[in-house]
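Here this note's numbering is used: the first residue of the sequence shown is 19, the next is one more, and so on. Working notes for the structure below.
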Amino acid sequence: MRQPLIAGNWKLNGTRNSVVELASEISAGAASLPVEVLVCPVVVHLADVLAVVGNSPVHLGAQNCSEARTGAYTGEVSADMLQEFGCEYVILGHSERRALYHETSEQIAQKCLSVQQAGMTPVLCVGETLEEREAGQVEAVIAAQLDAMLEAGGVDAFRQMVVAYEPVWAIGTGKTASPEEAQAVHAMIRQKISSQNADIASALRILYGGSVKADNAASLFGQADIDGGLVGGAALDATSFLAICEAAASTVEKTAS
Ligand code: PGA
Numbered sequence: 019m020r021q022p023l024i025a026g027n028w029k030l031n032g033t034r035n036s037v038v039e040l041a042s043e044i045s046a047g048a049a050s051l052p053v054e055v056l057v058c059p060v061v062v063h064l065a066d067v068l069a070v071v072g073n074s075p076v077h078l079g080a081q082n083c084s085e086a087r088t089g090a091y092t093g094e095v096s097a098d099m100l101q102e103f104g105c106e107y108v109i110l111g112h113s114e115r116r117a118l119y120h121e122t123s124e125q126i127a128q129k130c131l132s133v134q135q136a137g138m139t140p141v142l143c144v145g146e147t148l149e150e151r152e153a154g155q156v157e158a159v160i161a162a163q164l165d166a167m168l169e170a171g172g173v174d175a176f177r178q179m180v181v182a183y184e185p186v187w188a189i190g191t192g193k194t195a196s197p198e199e200a201q202a203v204h205a206m207i208r209q210k211i212s213s214q215n216a217d218i219a220s221a222l223r224i225l226y227g228g229s230v231k232a233d234n235a236a237s238l239f240g241q242a243d244i245d246g247g248l249v250g251g252a253a254l255d256a257t258s259f260l261a262i263c264e265a266a267a268s269t270v271e272k273t274a275s
């Protein structure tokens, strides 16, 4: 059985004090839940957040990293450096990085490999824009994003990986894909990996992201191929983030009973 993962993508938010407060509230509230909880602050807040979550079950992740391991790359941060700061996960290929910083699927695949070489797990984000959805290209767009990873690392690269399906039109907009719309894409992603290796596909956690809130989380997480969420806005408030974690926990309890 796949343990649900709820990941908070804090994006470019917070101060040293506010992230410590948020991390403390989340650590206290998440301690007894049967789900994996991950928080991803900006890099300069990693040490402060690690000091809070280090002795709790909450995991630490980053929002991006360089594909290069070391060298003349001014302003970059490598996977090994993030690992040294206690990170276990790195979000890669977020649509904001693809759109605003022109990251290509090939570059993102190299970043994923770099993160795996450093012993961490990439959270590989995929998703279509509204124009692509309206043009009937959802499957083709996501297949191409996954193909870049398959070409760079083969299906084995998906052993130590989390995939996050985030329709671009649902991110930060308050519009969510319906549970059925999301499930259809998640099933397609799993099927694509399964066509190369069924065991890897059935162990692969596929998160949904895009305006996940406390009131829509349970219906999304109740879908067969949705294994948790990548949460932006609602992750900045401990009460709403913990309510989303609890929604995931209730799906686990339902399956177990
Ligand atoms: P949102 O962001 O929950 O604010 O829509 C999700 C994300 O960007 O990962």
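Don't be surprised by glycine CBs; every beta carbon is placed ideally from N, CA and C.
Which residues DSSP lists as bridging residue i, in chain order
| i | result |
| --- | --- |
| tyrosine 119 | According to DSSP, which records beta bridges pairwise, tyrosine 119 is partnered with nothing at all. |
| isoleucine 126 | Per DSSP, none; premise fails for isoleucine 126. |
| threonine 139 | Tyr107 |
| isoleucine 262 | None, per the DSSP bridge assignment. |
| isoleucine 24 | Val55 and Gly247 |
| valine 159 | In the DSSP output, where bridge partners are listed per residue, valine 159 has none listed. |
| valine 180 | Val141 and Arg223 |
Any non-hydrogen atom of ligand 1 within 7 Å of residue i CB
| i | result |
| --- | --- |
| glutamate 184 | yes |
| histidine 112 | yes |
| alanine 236 | no |
| asparagine 27 | yes |
| glycine 251 | yes |
| glycine 93 | no |
| glycine 1 | Only positions 19 to 275 of the chain appear in the structure, and residue 1 is not among them; the question remains open. |
| proline 228 | Residue identity check: residue 228 is glycine in the sequence provided, not proline. Glycine 228 Cβ: within cutoff of ligand 1. |
| leucine 30 | no |
| alanine 188 | yes |
| leucine 248 | yes |
Sub-8 Å separation of residue i and residue j beta-carbons
| i | j | result |
| --- | --- | --- |
| valine 230 | alanine 252 | yes |
| serine 96 | alanine 86 | yes |
| valine 57 | valine 67 | yes |
| glycine 250 | proline 197 | no |
| glutamate 184 | leucine 142 | no |
| leucine 164 | isoleucine 207 | yes |
| glycine 154 | serine 113 | no |
| aspartate 233 | proline 22 | no |
| glutamine 101 | glycine 72 | no |
| arginine 115 | glutamate 121 | yes |
| glutamate 106 | leucine 78 | yes |
message = As an exercise, report each continuous beta strand (DSSP E) stretch of at least 3 residues that is fully enclosed by the region 184-255, in chain order.
response = If one requires a minimum length of 3 residues, the beta strand (DSSP E) runs lying completely within the region 184-255 are 223-227 and 246-249, in chain order.
task = Within the region 50-103, note down every full beta strand (DSSP E) run reaching 3 residues or more, in order along the chain.
result = 54-58 and 77-80
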